[in-house]
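Residue numbers (the UniProt record's numbering): 1 to 119. All residues carry an ideal CB built from backbone N, CA and C; glycine is no exception. Some notes on the structure that comes next.
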Amino acid sequence: MDVKWSTSDQDFRDEVRDFLANNLTPEIRRAGRLMTSVYADHDASMAWQKILHERGWAAPAWPVEHGGCAWSLTQHYIFSRESTLAGAPSLSPMASAWWPTPSSNSARRHRRTTSFPES
1 MDVKWSTSDQ DFRDEVRDFL ANNLTPEIRR AGRLMTSVYA DHDASMAWQK ILHERGWAAP
61 AWPVEHGGCA WSLTQHYIFS RESTLAGAPS LSPMASAWWP TPSSNSARRH RRTTSFPES
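Right under this line is the structure:
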């Protein structure tokens, strides 16, 4: 099978690479390399989260109305791969997971299908 990125995916990959090259400090890269669990060094992790937040990329898996990016699955993969290759610390687990919010369709569906009283 011959899988190729679309032109827009290649453009996104280049955007991510440029962002990482221009924003990952040596200290943040070092923290990413030294990670032994889900979390990097606290100070470096907070600095990286701030940089990502300023770009609008701090919680890419969240719904757009709650600060997410509306990325395709391919874009999520590209961001994750390029970040790893560049030595960036992992995103906070809460940033890369989507949890139903009280206003989300999934949360409403969950309330309809469970026997728990609504609050």
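Cβ of residue 7 within 8 Å of any chain B Cβ: The structure shown contains no chain B, having only a single protein chain.
Pair within 8 Å by beta-carbon distance, residue 74 and residue 18: Along the sequence shown, read from residue 1 onward, the residue named residue 74 stands at position 74. Along the sequence shown, read from residue 1 onward, the residue named residue 18 stands at position 18. For the 8 Å CB-CB criterion, residue 74 and residue 18 do not form a contact.
Simplified DSSP assignment, three categories, for residue 24: Along the sequence shown, one-based indexing puts residue 24 at 24. In this structure, residue 24 counts as coil in the three-state DSSP scheme.
For residue 52, three-class secondary structure by DSSP: Position 52 of the sequence shown, counted from the start, is the residue given in the question as residue 52. Reduced to three states, the DSSP call for residue 52 is helix.
Distance between residue 88 and residue 24 (C-alpha atoms, nearest Å): Translated into positions along the sequence shown, residue 24 becomes position 24. Translated into positions along the sequence shown, residue 88 becomes position 88. Cα to Cα, the separation comes out at about 7 Å.
The alpha helix (DSSP H) enclosing residue 66, as first and last residue numbers: Here the question's residue 66 lines up with position 66 in the sequence shown. Counted as a single uninterrupted DSSP element, the stretch harbouring residue 66 is not any alpha helix (DSSP H), since DSSP gives it neither H nor E.
Rounded C-alpha distance that separates residue 7 from residue 57: The count along the sequence shown starts at 1 and reaches residue 7 at position 7. The count along the sequence shown starts at 1 and reaches residue 57 at position 57. Answer to the nearest angstrom: the Cα atoms are 21 Å apart.
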